[in-house]
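Residue numbers (my numbering): 56 to 158.
A short write-up of the structure that comes next.
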Amino acid sequence: MANIKFGFTPTHPGEVLKDEIEYRGISQSRLAKQMGVSYKILNDILNERRPLTTSTAMMFEAALDVPADSLMRLQLKYNMQAARKDIKLLSRLAKIHKITAEF
């Protein structure tokens, strides 16, 4: 199994979205209302405490014209980087690799 390492910290899509709404001067409460989501959910995404879902990515696209697929790619890269740091998962993957290497 290839041991792929990344030399950078992945960008959570919330960071990009937070910068965008600050640049546009839109308040989080106004954006949450326009998107039909709770302020807490929006704030959690923007502060990187909650992952972006396909639905919320599409809502951000509708509200801000930021491509949903670009946001989802950021989320995927963020998730993969986090998974590569998960010691329990890495141990489990090593066991799976060892078992499958015997075939």
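Just so it is clear, CB atoms sit at the ideal spot from N, CA and C, and this is done for glycine as well.
These numbers come from a predicted model, not from an experiment.
Inclusion of PRO68 and LEU119 in the CB contact set at 8 Å is not warranted, their separation being larger than that value. Apart from sequence neighbours up to five positions away, no residue of its chain approaches ASP124 with a beta-carbon distance below 7 Å. THR108: not part of any alpha helix (DSSP H); DSSP gives it neither H nor E. In the structure shown, SER84 adopts helical secondary structure according to DSSP, grouped into three states. Per DSSP, reduced to three states, the secondary structure at ARG139 is coil, with no helix or strand assignment.
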